[in-house]
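>
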Amino acid sequence: MTITRRGFAALGTMALLAGSAWAQDVPAGYPADYAKVIESGKAEGKVVIYTSTDMAQSQGLLDAFTKKYGIAVEYNDLGTNGAYNRAISEAAARQMGADVVWSSAMDLQVVLAADGYAQTYASPEAAHLPEWAVYKDQIYATTVEPIGVIYNTGAIKPEDFPKTRPELIAYLNDNADTLKGKVATFDPEKSGTGFLHHTNDAQATDSFWDLAKAMGKDGVRTYSSSGSMRETVVSGENVMAINIIGSYAMDWVKGSPNLGVAFGTDYTAAFSRLALLTEGAPHPEAGKLFIDFMLSQEGQNALAKGGLPSVRNDVTEGLGFDALNAEVGGSLKPIAISDDLLTYMAPQKRVEFFREWNAALGK
Amino acid sequence: MIANSIGAKRVEKVALTDVPPKLRYREDARLYRRLTIGLLAIAVLTPVCLIIYQSFLDGPFFSPRSQLSLSAYSYVLTDPMFWKALRTTALFAVGMVFIAVPLGGMLAFLLTRTDIRFKRMLEILVLVPMFISSIVLAFGYTVSVGPSGFVSIWVRDVFGFVPWNLYTLPGIIVIAGLSHVPHVYLYVSAAMRNLPSDLEEAARTSGASIWQVSRDVTLPMVLPALIFAAALNLLLGFETFGIPLVLGDPNGILVLTTYIYKLTTLFGVPTYQLMAVVAVVLILVTLPLVFFQRRLLRNSRRYAALGGKGARATPLKLGRQGQIIALAIIGIWLIVSVVLPIGGITVRAFVSAWGQGISLWDHLTLANFDRMLDVPSLSRGIVNTLLLSVIGGAAAVFLYLLIGLAGHRNTGASNTLLDYIVLLPRALPGLVIGLAFFWVFLFVPFLTPLRPTLIALFIAYMVVGLSYGLRLLQATLMQVSPELEESARTTGATVMRGWRDVVIPIVRPGLAGAWALIMIIFLREYATGVYLMGAGTEVMGSLMVTLLQTGAMDTIAALAFLSIIMTAAGLTLALRLGAKIHD
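If you read the protein sequences in the order shown, they are chains A and B. full-length UniProt numbering puts the first residue of the first sequence at 1, with every later residue one more than the last. full-length UniProt numbering puts the first residue of the second sequence at 1, with every later residue one more than the last.
1. V44/B: which of M478/B, R508/B, D419/B and G392/B sits nearest, CA to CA?
2. Considering Y117/A, what are the terminal residues of the beta strand (DSSP E) in which it resides?
3. Below 8 Å on the Cβ atoms is my guess for S377/B versus D77/A; work out the distance and round it to an integer in Å.
4. Could you spell out the range, first to last residue, of the alpha helix (DSSP H) harbouring G171/B?
5. For chain A, is any of its Cβ atoms less than 8 Å away from the one on I358/B?
6. Assuming V48/A and E74/A make a contact with CB atoms under 8 Å, what is their CB distance in whole Å?
7. Using a Cβ cut-off of 7 Å, which residues of the stretch 184–196 of chain A contact any Cβ in chain B, in chain order?
8. Assign R221/A to one of three DSSP states: helix, strand, or coil.
9. By a C-beta neighbour count over all protein chains shown, 10 Å radius and 16 as the cutoff for buried, is Q54/B buried or exposed?
10. Should G492/B be labelled buried (16 or more other beta-carbon atoms within 10 Å of its own) or exposed?
11. So with Cβ pairs under 8 Å, would you call I242/A a contact of chain B?
12. Please compile the residues from chain A whose C-beta is within a distance smaller than 7 Å of the C-beta of S379/B.
13. For I42/B, is the classification buried or exposed, using 16 other Cβ atoms within 10 angstroms of its Cβ as the cut-off for buried?
14. Compare the Cα-Cα distances from V217/B to each of M130/B, P224/B and A203/B and report the closest residue.
15. Going by the DSSP bridge assignment, what does P334/A pair with across the sheet?
16. With distances taken Cα to Cα, identify the nearest neighbour of I564/B among F443/B, I124/B and R508/B.
17. Would you check if the stretch 66–81 of chain B and the stretch 137–152 of chain B touch, i.e. whether three or more CB-CB distances between them fall below 8 Å?
18. Helix, strand or coil for L447/B per DSSP?
19. In terms of residue numbering, what span does the beta strand (DSSP E) encompassing L259/A cover?
20. Look up K42/A in the DSSP assignment and say whether it is helix, strand or coil.
21. Kindly give me the distance between the Cβ atoms of G278/B and L256/B, rounded to whole angstroms, as I take these residues to be in contact under 8 Å.
22. Run through DSSP, which three-state label would V126/B get?
23. Are the Cβ atoms of R312/A and Q297/A separated by less than 8 Å?
24. Tell me the DSSP secondary structure of A239/A in three-state form.
25. Are the stretch 276–291 of chain A and the stretch 156–173 of chain A touching, with three or more C-beta to C-beta distances below 8 Å?
26. Would you call the stretch 169–183 of chain B and the stretch 502–514 of chain B touching, i.e. three or more CB-CB distances under 8 Å?
27. Among H283/A, M294/A and S224/A, whose alpha-carbon lies nearest the alpha-carbon of K262/B?
28. Does any residue of chain A have a CB that is nearer than 8 Å to the CB of S389/B?
29. Assuming contact is defined by CB atoms lying nearer than 8 Å, are L179/A and V239/A in contact in what I supplied?
30. Could you check whether the Cβ of N368/B sits closer than 8 Å to any Cβ belonging to chain A?
31. Okay, do the stretch 429–444 of chain B and the stretch 517–535 of chain B touch, 3+ Cβ pairs below 8 Å being the bar?
32. When you compare the CB of V315/A with every CB in chain B, is at least one pair closer than 8 Å?
33. Is the Cβ of K213/A closer than 8 Å to any Cβ of chain B?
34. Would you say M345/A lies against chain B (beta-carbon separation less than 8 Å)?
35. Could one say the Cβ of T448/B lies closer than 8 Å to chain A's Cβ atoms, at least one of them?
36. If you draw a straight line from the alpha carbon of M566/B to that of V502/B, how long is it in whole angstroms?
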């Protein structure tokens, strides 16, 4: 532990020395008094992140941030529930450890804000973001990640794979014999991500329950992570997996021999990883710097390069919003950060959804 | 028969000289005993009480809005899903015990009491399933014998069909039972290793077969160890998370631990009170089990077998036919519970894809391991895991020895308390106890500085590993015949001096073995650290759990493979070390 801390400090100092020549400058378009934020952020020397994003994907962002400001990043990958749990427990003990909570559980992030765990901070980068990506100057969307279908190309040829939602439903219904027990999807009862994907579909489209029934007809098997579904589809155990995280899938198909990814050309939802500054943050100014950096062109480049498509359009690496939209067939519909995300937080609504879900699946 | 009469004679002999020293005996280590057990009780009961308290609230215990209520109980107890999960869990646990205990006992007998060949190598191999956290083990099985596993594909090519289905309840029970054999083996073999062989030899010369000897002589003498092992396995069955999660979940097989998982998303935000209720149910299952075990073992002196004579064990001769049968049984078990899962993980760690129509050779890669070096949290995790298991494991054995001595020949009320608190932490699902410890380190003022350090993890691990470690030491301590200590006492030594100069030197070989065991337990532990670890204190097992949420299987397989290598290396070393002390 001591060694690690020292390591962080050394890294910080080195970066500070390297960066001090130019890092004092306020980024273009920022208010002039931002210099004060930079100065106090540097004085705080460290920023603590609670997140659900694998370090492998965010390493580039963290390195770029530390290089720019000389501020060490303490990165805690806790999973969505872990991040939420730790934040509210620490807040109750008045020992909030996180400056920034950065999570893909969009609904839990809105709950955190609604329950007063988020600080209001108007990021100067907000102007570069679409309207749906900013919530009450408290929560910011940092990525756009399409929700799609992966399939085994040994079982279904890419040219035969359904292109739209109605086609997919018809395909599931027509091939129930060959697909029996070989279709996978997220388990909304066990995975918060899956719950978000499915309930958003149920709200945004009128074909979701037809899809659920079609999956039920095929004896759908339910999983709690995209990665475990990927294993089964690559190995041929399942033929396809529906409503999984498409940004991962786009990366996976590059390295897998028989994996295809498909997005509905008529409708493709997308979720975001949301960032918020915590109330009672131990390093609030450094936290502000981190959020602004994440949303800046530079930070978005680093994220897009790591495989998380950008919420902005001016990235020079990876996929920006428009490029992504073109890639998935032009019907990208990001889930907006809004109070709608609280709808399914009401126990009654949840129970209703689960009842309908289980009925549709014939369980 | 023979064992009983000889054992009885021994007890009689002891009873004659028993009374006067025993009175003083209790007197002068009383403070030490009470202090040690008291401190342990605080360490165990704090998180447990927190969980019980939480179960009687209608919200998180730290929220000012939460009120005392029975709503959590009424929700869980009226939820048909809960009862279904409870039934499945009971079936699972009992089935597991029926597979693991006989097989583990038999393995222990063959490896410690007979002249079976390849003993040294087998002693290491039989422990292998324990090295691996059950999530990874289950994952290994899907790669080898799952519907698209390489063994299944081969079998289908040869026979035209696959005669098994991994994803059914019987399939899961068999897998879990076989993978828990080492837990039984460890307890029973530790007890058997110290048995003098004169009784077995006497039986053998009077014409008993190997089978009769094992059943009528060896078995009764290691009954305490067998009962410990059965009780422990029953609890492990109730607590198992990894195997049902990976193999049962996608097909709707729900057990209590995966039910807890479900409760979290069912309400959107974590419902601690419901998780706590399920944990309380598990505690209620544990208590009668401990009570039952205590009654069975009330007269533990009956099992004192390591006398003052310093008898050396001479192995029973199996004969040619016996060798073949024994090796065949062990071989088959090893293939199913070691070669298949480890083979699966190893293959997975070195390829980027597998399954139907995929040539593994085309996808061989070392890229899965690149991340270990690139991503700081992963390399830190490896270092931290090594520190925790090697150094923390040694420290834990020392603490367990102190606790074990406090309970050794202790007939007072404090020992009853000890018996009950030891199994409690093991009965609770790792995720829940990990969360409770996180709260303890967060809300108890003087503990908060420890939270971001490995010490917090060490304390939690120490408590979670208590049942394994302490029972192992107790089984060894129990075999030190009382007359040895009593002779020290009659020559004027204090209890402490008797422990230091007589008991500890005798059990020392057992300590090296215990260290190896604890090292393994700490290495494979995954659930406890999930909530406690933070940046700088990552551990491999818990990293795998968080990685599983996003599904970075490449990295998980590489981590799993590394942890197997690390444990294998550690265990080989420990066994060498232990063997030297032993000879």
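From the three backbone atoms N, C-alpha and C, an ideal C-beta is built for every residue, glycine too. Keep in mind it's a predicted model, so treat the numbers as computed, not measured.
According to the structure shown:
1. Selection M478/B, R508/B, D419/B and G392/B evaluated against V44/B yields D419/B as nearest (Cα-Cα).
2. Segment: none, Y117/A is in no beta strand (DSSP E) and carries neither H nor E.
3. 7 Å
4. L169 to S179
5. yes
6. 5 Å
7. E189, K190, S191, G192 and F195
8. strand
9. Counting every other CB atom within 10 Å of its CB across the protein chains shown gives Q54/B a total of 16 or more, marking it as buried.
10. exposed
11. no
12. Neighbours of S379/B on chain A: none; closest Cβ ~11 Å, over 7 Å.
13. exposed
14. A203/B
15. A270/A
16. I124/B
17. no
18. L447/B falls in the helix class under three-state DSSP.
19. L259 to A262
20. Reduced to three states, the DSSP call for K42/A is helix.
21. According to the sequence as given, residue 278/B is Val; it is not Gly. Confirmed, about 6 Å.
22. In the structure shown, V126/B sits in coil (DSSP, three-state: anything other than H, G, I, E or B).
23. Yes, Cβ-Cβ distance for R312/A and Q297/A is below 8 Å.
24. As written in the sequence, residue 239/A is Val, which differs from the Ala given in the question. Coil.
25. no
26. The stretch 169–183 of chain B, when compared against the stretch 502–514 of chain B, does not touch it at the 8 Å Cβ threshold.
27. Among H283/A, M294/A and S224/A, the Cα nearest to that of K262/B belongs to S224/A.
28. no
29. yes
30. no
31. yes
32. no
33. no
34. yes
35. yes
36. 34 Å
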